[in-house]
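A.B. asks: Residue numbers (the UniProt record's numbering): 1 to 93. Sharing a structure with you now.
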């Protein structure tokens, strides 16, 4: 985008995007994050009822420093959700 012919501000205006998004570069995914996500995937296939708390406990047992919130974020990024009994809406309370 930043060529000598077209400045970044003009190019961003032509493409109808913010100028700051031109300069943004995503950070690479670490090896530890990939390993944690792989372990979460294997654990979820074996135990689909486990949530973020149990996943973080299992990861900590394996030597990874992952808290509940980070485990929850990894699970959300992978579209992994625990299976639990839902409300019975046809039954009166």
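Even glycine gets a Cβ: it sits at the ideal position worked out from N, Cα and C. Source: prediction; values computed, not measured.
Three-state secondary structure (DSSP) at residue 9?
C.D. replies: Reduced to three states, the DSSP call for residue 9 is helix.
A.B. asks: If you compare alpha carbons, which of 7, 41, 81 and 16 is closest to residue 49?
C.D. replies: Nearest option by C-alpha distance: 81.
A.B. asks: Going by alpha carbons, who is nearest to residue 30 out of 38, 12 and 23?
C.D. replies: It is 38 whose Cα lies nearest to the Cα of residue 30.
A.B. asks: Measuring only the C-alpha atoms, how far is residue 8 from residue 22?
C.D. replies: Rounded to the nearest angstrom, the two C-alpha atoms are 8 Å apart.
A.B. asks: One question on the structure: do residue 68 and residue 52 come within less than 8 Å of each other, judged by their Cβ atoms?
C.D. replies: Closer than 8 Å, so yes.
A.B. asks: Could you have a look at residue 91 and say whether DSSP puts it in helix, strand or coil?
C.D. replies: Three-state DSSP puts residue 91 in coil, outside helix and strand.
A.B. asks: Just verifying my parser: in three-state terms, what is the DSSP assignment at residue 78?
C.D. replies: Residue 78: coil per DSSP, three-state reduction.
A.B. asks: Do residue 55 and residue 87 have their C-beta atoms within less than 8 Å of each other?
C.D. replies: Going by C-beta atoms, residue 55 is not nearer than 8 Å to residue 87.
A.B. asks: Taking C-alpha atoms, which residue in 14, 27, 33 and 18 lies nearest to residue 73?
C.D. replies: The residue with the shortest Cα to Cα distance from residue 73 is 33.
A.B. asks: Using CA coordinates, which residue listed in 93, 5 and 83 is at the minimum distance from residue 46?
C.D. replies: Ranking 93, 5 and 83 by Cα distance to residue 46 puts 83 first.
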